[in-house]
Amino acid sequence: MAMLELENIDVHYGATQVLWGVSISVGAGEMVAVMGPNGSGKSTILKAAMGLKKASAGRVMLDGEDLRGKSATVRPQRRMSIVLERRRLFPRMSVRENIMLGAYTRTGAEARRSFDWVLDILPEIKGHLNATAGKLSGGQQQMVAIARGLMADPRILLMDEPFLGLSPAMVKNVYAIMQMINARGVAILFNEQNAKMSFAMSHRGYLLEGGRVALSGSGEQMLEHPEVKRVYLGLREEAS
Amino acid sequence: MSTANFLELLINGLITGSIYALVGSGIALVYGTTRVLNFAHGELLMLAGYLILLFAVTLGWPLLVASVITLAIIVVLGAGIQRLTIAPLLRRNDWAFQVVAATIGLSIFLQSGAQLIWGEQFQAVPYFFPGIVVIGDLRMPWQRIAICLIAVAVMAACAIVLYRTKLGRIIRATAQDAEAALAVGIPAGLVHTAVFSISAALAGVAAILLSPLISVNPWMGTSYLLKGFAVVILGGLGSFGGAVAAGFLLGLIESFSVAFAPSEWRDVIAFTFLIAVIWVRPNGLFSGREA
Amino acid sequence: LAQEVTIGAIGPLTGPAANTGKAHKEALELAVKEWNEGKGDYVSKNPPKIKLVMEDSNSKPEVGISAAQRLITRDQVKMIVGDTLHSHVTLALMEMAPQYNIPILSAEPVASAIADKVMSDPDKFKLFWKGGYNSDGYGIAVHDFYAWAFANGTLVPGDKKIAFVVEDTDYGIANAKKIGELFEKDGWTVVATETVPTVTTDFYPQLSKVRDADPDVLVSVFTVVNSGVAFVRQLQEQALETSHLAIYYPTKPEFMAQAADIAEGMYWAALQYAPELDPEQKAFSDRIEAEYGTPANYSHAHAFCTMEIALRAIDTAGTEPEALAKEIGATDYDCLLGRIQFGEDHAIKAGADFVPVPVAQIQEGKNQLIWPENVASAKPK
Amino acid sequence: MLEVFGKRPFLLLLFYAALLVAVPFLPLNDYVLHILTLFLIFAVFATGWNLTLGILGLKTLGHHAFFAMGAYVSALVAFYGGVSPWITIWIGALAAALSGILIGLPILRIRSMPHVAIVTLAFAEIVRLVFSNLKEITRGELGFWGIPPFDPIQLGDVTLRFGIGNAIGSYALAAAFFLAVHLALLIFMTSRPGLTFLAIKDSETAAESLGIHLVTWKLLAFAVSAAVVGLSGAIYAHYVLILTPTSVAGPEMLITLLAMIIVGGVGRFFGPIYGALLLTVMSEALREVGDYRMLLYGALIVVFVFIAPQGIAGLAWRRRRSRKVAATDPAT
Amino acid sequence: MLADLLSIEKVTVAFGGIVALKDVHLSVRDGKTTAILGPNGAGKTTLFNVIAGAVSPTSGTVVFQGEDVTAQSPSKRCHFGIARTFQITQPFGGLTVLENVMVALTAKATPMKQARAEAASYVDFVGLSAKADDPARVLSTGQRKRLELARALATKPRLLLLDEVTGGVDRPSIPEILNLIRRMREERGITIVVVEHNMEVLFGLADDAIFLNRGEVVVTGTMAAVAEHDSVRRIYLGDGDA
Ligand SMILES: Nc1ncnc2c1ncn2[C@@H]1O[C@H](COP(=O)(O)OP(=O)(O)OP(=O)(O)O)[C@@H](O)[C@H]1O
Ligand SMILES: Nc1ncnc2c1ncn2[C@@H]1O[C@H](COP(=O)(O)OP(=O)(O)OP(=O)(O)O)[C@@H](O)[C@H]1O
Ligand SMILES: [Mg+2]
Ligand SMILES: [Mg+2]
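Given below as structure tokens:
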């Protein structure tokens, strides 16, 4: 049984429907990538999974339990966490406070242990712990957001464009972190525009188009798929 | 001006100021944590006034019991108001002004409701603390001195909760991005309600302290509300400590302004001071810690 | 039987003065009811039946004007009694008299400005009459009372300094001004005139200032009872050594209920309505109580008298505006509050022979009339 | 901008003009015309305020001060200076605009809703108190009376007279001003200034980066808005012919106008007109239950914020829009 | 030698204790594209803010077209011909996509009618025609980035500052956007300064580059040279043994 399961969900913003019967599943310890053009509904999927956006039809299951009608806060208690798009830090609190709040559902001792660990793997943050989060640079904020997401010691982590705004070196670092925690058994559902990178690192992938799942399969299958190859991997030739 | 006269003005200013501080810090707390500008704050004060009138005067309960029950009810009432009229709005895009509008509407509603229920007469509440302190030429009833002391104690307690406890940190986190707070598992909605209740309690304390002096009436909140707002701006928006300091300052300014100008210009002077400050220090006089 | 005549009334039925407005309404209705029941003080043998429609002015001139237009165009009223309380609403309403050719008679308003306005264009305002005396009435009474008290040694003038703490209304300010002028003529100095918003209840800043000025006479004017109670209490707390005279607020029964103990020895004006001292007023109060459940206060009495003036004028002159207005002006009638006659300036006359403005003192928790001597119930202490 | 003005704003205004012209030909008594006159004056007030409140997005709560400013200045100049109201109303509007700039300067630099709201509220309180305290000139709360009405005008063999009691003339005048102000504003707002105000409302940083000089534009909006409100105040003064500080600059004025704008639709060009109509008529209809009037205003504001935050104007708009969306959406 | 369109001299920016830029010199050749490289927090966005006028430097000067503009407001600089996009996007949420772009045109006194037509072409350019009449608040991350670009272009700048303009844009669309930028550069002679972490994009676009680290300029030169520089490879690209 999959750990997280979105079954046939529809999502509306007001009168506008943006997801149409989307089904996505993430097994325990799996790394799953979502791809798709701008506006295809990737962020919306993650928000719906986290309960930040209500599905108007279909259901979201965690560990086989139907989460419909349950508050968003039950998810962090079940050790599910999210790194939100456009960072969404607490802009006027310090970086330290921001990160600590990621462990909101855990005890003080656990939180401190995680805190040390997070600083170990994202050392760039160390110099800014007392800075006001909203004043950090774009990329620094992204790192803090990732750090906050890790603090929950999640069993399943949702990440919306985790590499956005990061320098190439940092991208590599975060990439490594994702692989490391995944290797420790943390399931990850993320969305990222770099198809090659995301499908290469994932067990499975989904391709979204216009709010519908257009394609899905294992990471390799996705990489090999002619459609993906043609549209998403052909950048280098054209760009240079 | 004699020394006694000067001291009197000073003490009067501090007393008025402590109420401004109490009202202002309540508004600042809610604003600082939830970005909600609550125009119905004055009506919480007014309702608490009627409650203490009911318990302490009409029913004749002992002051302490009456106060505790009044505060308990006003806290619940505050929570109810927040849940019913403010919380639902916070999910909207353009909520900031909608909340202002809704609370203005609510304020008028409660005011005229109170007038319909209790009439427009001013109802006196006897002094809780009898006796007068006489030092030389200076005469000050205990009731007034108590206002100042209790107000300061209550505000200090609030500050400790806000800046020294985990609850305080949770409150401040929620203030800054409720969706993100939700994402880390903080029940943001409950936090908002809790903060509102604390602020209602501050208004309740102000009402209990004030009711013997100003008499309970449907409009008792209005003038304090505007002064409370002025204090919030002067102190630096949303800053709890700033509001407290600015409250005392405004009280002193008013007290001394009466000594040097005809009384009817007092509020003109107070509000002109506010605008003058905005000209030179847009972010307030005390760039206190932001909540 | 004569046909029914509709009279309009305008007063503050809502807003901060609604209590008084409602008292007016009760008294106006009672007057009309008694009239229609055959118990009126008729002039003719065949008095017309009267219908009363009262509209709200919400204490605002423009609302009062709307109300008047409504009464005139919708209810076809033949005359208007109003505003029953406010001078500023009356100042606006009186413009309607020439415009719609309708007689208007105000009730309680006292502002001298109303009379001044009439005098500025008597022909234009020939249909308007002011059913209250001018605010000068108080000033003269207060001044004469003190002159009398100084002359007979009840009080000593000291350094001849007088101070005022008054509410920020025409009423408060006009009184302070008039009294100040009269005292200044006698060589006094006005050392402070503090004007406070109508609902103020914290007077410590003002009292500090007044104490510093060290006056021999302090006059306070409030229409809101609780301002008065608070003022008197804080005055006592501050133990100011001055003779204190209060204007208006002690007329309200609530004042005595709340402040009888702390107001001992205070002078006040004007005790015009004292059912406990006047049997006719007592009978009136009982009638109001029988009808509405609460005893009458001064506002009831004043409104009742005003309506009597109107009813008797209609009874005599009919509803032709000019004749009716003339008849109102010719009134000479002994009502609850005294003998009512209009002066040159269309206001009713105040004074010992007309509507008296007596000064009282609170002695042992009770009101005693102490001036003028011919009506006094006790000696000043 | 479609959201703000609707599809064919000029046509709609023409339609309203036709309605207004038709009114005097209906068998209406003076009282009804009086109510309509008040509605027209308050509609101009509400529209003027909506300019900053809804369209520029500056949440000012002190526009009743500009109303009072226009009213008193025009009345005082006409009374003491013996100048015709036809001229003094413009002086009143100018005075309001200048005071708008005066109070605008300090708050426009601050990008904070509470600052703007509270400082303007405090400013209104100052204005009220000053008019009330300058008793030598304004007679304070006793009321400033003796304001001359507009001089009559001769149209062929009819003389149009104005001021309270001259219902037809006053109505015609108010209607003329109503139409002129709305037409002028519509022309102004559907072109560059409107677009610029709406951009500033959404992101000042971005607007600035695109070459919009914030202070200039905001001051312009403030001045125009204050002038319109001041003009409505001046017309009001020469209609009711008496002013008191509390009735023109008091809190009830604030509540009433705010209710009009919210019920009509904040930020919708035509919204405040509907709100003004509904509330003016309603408040007269509710005279009988006077005690409940303010209660009802309060409740109305709350209810509209909850169920129809875009007001009456927004309701109509949303219905049209959702039909359109439903029809086109599956294609995307 | 070609004249420099923009030159930044000895610019230092301190936010309280944090020094975001230290003695930065930068010359931007007219008509060329300059890339600003640097790890996160290096000061790139701050440099943009200094050029566009959103942040005033603690010391130093900004010279644009031979004129000292250090004291000018952002709107003034826009009129001089400096346009920018925001790393953290700033759409006018209540206006439609089309109107967002019109604002940029009317701010420079283009008549409404003309502005509408012109704006439509920019919206089309960036691939947002389908959303042209939707309010900008509903746009997704990538859509917002495109709008930013359209708006900046519509001010018809001499100098265009692009802060991570392709970040979040889906890959298939990047080539079009690059083409668009290149065309603007060629047809209109726009000079571009770009912050971008996508090296593929950079290679396709930039002539010159500077490398910032901790607020200081470490390397300047041609794009190729800078990209090959040792410290760039080590600190920025994370190549080698790290
Ligand atoms: N609040 C909203 N109201 C209305 N429509 C919205 C809202 N938020 C998003 N949308 C629309 O929903 C669609 C999907 O948005 P979403 O943010 O999920 O896209 P995405 O796949 O994450 O895109 P991107 O790659 O650009 O981040 C888009 O067309 C967007 O315009
Ligand atoms: N307003 C501010 N107040 C305080 N510090 C600031 C402010 N703006 C930027 N900083 C600091 O200045 C430094 C440079 O920030 P800047 O945004 O310029 O970096 P950047 O190079 O754009 O990084 P990124 O690639 O992550 O966007 C950072 O350490 C940041 O924390
Ligand atoms: Mg997205
Ligand atoms: Mg940056």
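Chains as they are written, first to last, in the numbering used here: chain C, 20 to 259; chain P, 1366 to 1656; chain Y, 821 to 1201; chain X, 90 to 421; chain A, 3 to 244.
Using N, Cα and C, we set each Cβ at its ideal position, and we do this for glycine too.
Just so we're clear, the structure is a prediction, and the values are computed from it rather than from any experiment.
- With fewer than 16 other CB atoms across the displayed protein chains lying within 10 angstroms of its CB, V1441 of chain P is exposed.
- Cβ neighbours of L366 of chain X within its own chain (closer than 6 Å, five residues either side excluded): F128.
- Cα atoms of Y169 of chain X and T177 of chain X: separation of roughly 11 Å, rounded to the nearest angstrom.
- Relative to the Cα of E230 of chain A, the nearest Cα in the group A:N215, A:A85 and A:A211 belongs to A:A211.
- Annotation: Cβ neighbours of A931 of chain Y in chain X (cutoff 8 Å, chain order): L231.
- Under a 10 Å Cβ-count criterion, H123 of chain X is classified as buried, with 16 or more other Cβ atoms of the shown protein chains found around its own Cβ.
- Within the segment 322-349 of chain X, no run of beta strand (DSSP E) at least 3 residues long lies entirely inside it.
- With 16 or more other Cβ atoms from the protein chains shown falling within 10 Å of its own Cβ, S1119 of chain Y counts as buried.
- Below the 9 Å Cβ cutoff, chain Y contributes S886 and R890 as neighbours of E373 of chain X, in chain order.
- In summary, R1537 of chain P is buried, with 16 or more beta-carbon neighbours lying within 10 Å of its beta-carbon over all protein chains present.
- Using a 10 angstroms sphere on the CB of R1457 of chain P, the tally of other CB atoms stays under 16, which defines it as exposed.
- The Cβ-Cβ distance between V205 of chain C and R167 of chain C does not fall below 9 Å.
- Within 8 Å of the C-beta of E166 of chain A there is at least one heavy atom belonging to ligand 2.
- Contact with chain P is found for T1021 of chain Y, since one of that chain's Cβ atoms lies less than 9 Å from the residue's Cβ.
- Proximity of the beta carbon of D179 of chain C to ligand 3 is indicated: a heavy atom of the ligand is located closer than 8 Å.
- The residue from P:G1443, P:V1517 and P:T1587 with its alpha-carbon nearest to that of I1469 of chain P is P:T1587.
- Judged by DSSP secondary structure, Q1188 of chain Y falls within the beta strand (DSSP E) whose first and last residues are K1186 to W1191.
- For H204 of chain X, the enclosing alpha helix (DSSP H) begins and ends at M202 to N222.
- Put simply, of X:V121, X:G193 and X:L109 the residue whose alpha carbon is nearest the alpha carbon of T141 of chain X is X:G193.
- With fewer than 16 neighbouring CB atoms inside 10 Å of its own CB, G83 of chain C falls in the exposed class.
- Shortest gap from the CB of D172 of chain A to any heavy atom of ligand 1: under 8 Å.
- Ranked by Cα distance from V190 of chain C, the first of C:L25, C:L234, C:H31 and C:Q161 is C:Q161.
- For L249 of chain X, the secondary structure class from DSSP, reduced to helix, strand or coil, is strand.
- Put simply, the residues with a CB less than 5 Å from any heavy atom of ligand 2 are C:K154, C:L155, C:S156, C:G157, C:G158, A:F17, A:I20, A:A22, A:N42, A:G43, A:A44, A:G45, A:K46, A:T47 and A:T48, in chain order.
- Relative to ligand 3, T91 of chain A has its C-beta separated by 8 Å or more from all heavy atoms.
- Boundaries of the alpha helix (DSSP H) harbouring I276 of chain X: A256 to M278, taken from the DSSP string.
- At a cut-off of 9 Å, the C-beta of G400 of chain X has no neighbouring C-beta in chain A.
- Using a Cβ-Cβ cut-off of 9 Å, V1623 of chain P counts as an interface residue toward chain Y, since at least one Cβ of chain Y sits closer than that to its own.
- Ranked by how close their Cα comes to the Cα of L891 of chain Y, the residues Y:A983, Y:T834 and Y:T826 have Y:T826 in first place.
- Distance check between G1603 of chain P and each of X:V317, X:I144, X:H204 and X:A182 places X:H204 closest, using alpha-carbon atoms only.
- The DSSP-derived three-state label of E26 of chain C is strand.
- As a beta-bridge residue in DSSP terms, T193 of chain A pairs with A:L161.
- A distance criterion of 8 Å places the beta-carbon of G184 of chain C in contact range of ligand 4, judged by its closest non-hydrogen atom.
- Residue state for M914 of chain Y is assigned as coil, using DSSP reduced to three classes.
- S133 of chain C has a beta carbon lying at 9 Å or more from every beta carbon in chain P.
- For S62 of chain C, the chain A residues whose C-beta falls within less than 8 Å of its own C-beta are S142 and T143, listed in chain order.
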